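Heads up, the sequence shown is in our numbering, so the first residue is 4 and it goes up one at a time. For every residue, glycine included, the Cβ atom is placed at its ideal position computed from N, Cα and C. Nothing here was measured: the structure is a model prediction, and the numbers come from that model. Contents: one structure, followed by commentary.
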Amino acid sequence: MTGPSISLVATMDNATDGSFSLNLGFGKWNGQLSREQLEYQLKEPIRLGDCHLQTGWEEGEKEELQRVVRNFWIFRNRILIVKNASGLFPEELLVHIRHWVLKKEGELGRMRRTNEAFENLEKLPSARREKIPEKVRLFVWQRDEGKCSECGSRENLEFDHIIPLAEGGSNTERNIQLLCERCNRKKGKSVC
Numbered sequence: 004m005t006g007p008s009i010s011l012v013a014t015m016d017n018a019t020d021g022s023f024s025l026n027l028g029f030g031k032w033n034g035q036l037s038r039e040q041l042e043y044q045l046k047e048p049i050r051l052g053d054c055h056l057q058t059g060w061e062e063g064e065k066e067e068l069q070r071v072v073r074n075f076w077i078f079r080n081r082i083l084i085v086k087n088a089s090g091l092f093p094e095e096l097l098v099h100i101r102h103w104v105l106k107k108e109g110e111l112g113r114m115r116r117t118n119e120a121f122e123n124l125e126k127l128p129s130a131r132r133e134k135i136p137e138k139v140r141l142f143v144w145q146r147d148e149g150k151c152s153e154c155g156s157r158e159n160l161e162f163d164h165i166i167p168l169a170e171g172g173s174n175t176e177r178n179i180q181l182l183c184e185r186c187n188r189k190k191g192k193s194v195c
């Protein structure tokens, strides 16, 4: 069985007092979370219809509103709409909602970290990264006999700059050696 369809409707970033508004097709809905609900919704999803309705609705509108908002949920300052959840036990539905929100938060966190990494990379002075010439690579391969200069392994070989380019090294035969991936990583850690 596939899970319910869940999508984000709004966020409640500024709802520290528990009040929020939601524009629906037939008007604006104002809700108020009690202090207990406000604290609880960070841990467990709450059905929007279980929140306190602010006054000002006509009697017919209030029933229509409660019918519509039964598919809306609040969890971790997000208002979600959940469709196709019939047949799920309440605990199953809560698991689906928690999973969806936490997965989205994880994706958002990864995107933020990636963006930060790219922004930080742009701030670095551009390094002169030239490809090692083919004739140098061939010479080094033959000189080092196609094996790691440190451990003699023939697996996962890499061309390593003995003196890194960033520290004034060059792409010449004297500054290039063959290292296996493991020895190259070990060397990189010892340089730091």
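* **Spatial distance of Val-104 from Asn-74 (CA atoms)** => Answer to the nearest angstrom: the Cα atoms are 16 Å apart.
Requested in this report: Locate the alpha helix (DSSP H) running through Lys-120, then write down its first and last residues.
Outcome: For the sequence presented, residue 120 should be read as Ala rather than Lys. Its alpha helix (DSSP H) spans residues 93-126.
Exercise. Whole angstroms is fine: what's the gap from Pro-167's alpha carbon to Asn-174's?
Key: Between the alpha carbons of Pro-167 and Asn-174 lies a distance of about 10 Å.
Rounded to whole angstroms, what's the CA-CA distance from Cys-183 to Ser-156? Just pull it up for me. For the pair Cys-183 and Ser-156, the Cα-to-Cα distance works out to about 6 Å.
**Prompt:** beta strand (DSSP E) containing Leu-160: first to last residue?
**Reply:** That run of the beta strand (DSSP E) goes 160-164.
- Message: Give me, in chain order, the residues of the same chain whose beta-carbon lies closer than 6 Å to that of Lys-150; leave out the 5 immediate sequence neighbours on both sides.
- Response: Short of 6 Å from the beta carbon of Lys-150, and not among the five residues preceding or following it, lie these beta carbons of its own chain, in chain order: Arg-157.
**Report entry** Ser-10 and Leu-83 closer than 9 Å at C-beta
**Finding:** Contact: yes.
(message) Comparing C-alpha positions only, which one of Glu-47, Leu-91, Glu-161 and Glu-176 sits nearest to Val-139?
(response) When each option's Cα is compared against that of Val-139, the closest is Glu-176.
- CB-CB under 8 Å to Arg-146, same chain, minus the five flanking residues each way: which ones, in chain order? Correct list, in chain order: Glu-176.
Under a three-way DSSP split, which group does Arg-73 fall into? Of the three classes helix, strand and coil, the one that applies to Arg-73 here is coil, per DSSP.
Check your understanding: Under 9 Å, do Ile-77 and Met-15 count as touching if we go by C-beta distance?
Key -> Yes; because the gap between Cβ atoms is below 9 Å, this pair is in contact.
Worksheet entry | Beta-carbon separation (whole angstroms), Leu-91 vs Val-72, contact threshold 8 Å | 18 Å between Cβ atoms; not a contact.
Exercise. Starting from Leu-141, follow the beta strand (DSSP E) in both directions and report where the run begins and ends.
Key: Unbroken run through Leu-141 is the alpha helix (DSSP H), 137-146; no beta strand (DSSP E).
- Item | Cut-off 7 Å between Cβ atoms - residues of its own chain near Cys-195, not counting five sequence neighbours on either side | The predicted model places Cys-195 with a pLDDT of 45, which falls under 50 and marks its position as unreliable; any figure quoted below should be read in that light. So no residue of the chain qualifies.
- Query: What is the DSSP secondary structure of Cys-183, reduced to helix, strand or coil?
  - Reply: Strand.
Candidates Gln-69, His-164 and Asn-187: closest to Asn-178 by CA position: Nearest in C-alpha terms to Asn-178, of all of Gln-69, His-164 and Asn-187, is His-164.
Use the C-beta contact count for Pro-48: other C-beta atoms within 10 angstroms, 16 or more gives buried, fewer gives exposed. It is buried - the Cβ of Pro-48 has at least 16 other Cβ atoms within 10 Å.
- Confirm the yes/no value for this check: CB of Val-85, any heavy atom of the ligand MG, distance under 8 Å. As far as ligands go, the structure on display features none, and thus does not contain the ligand MG.
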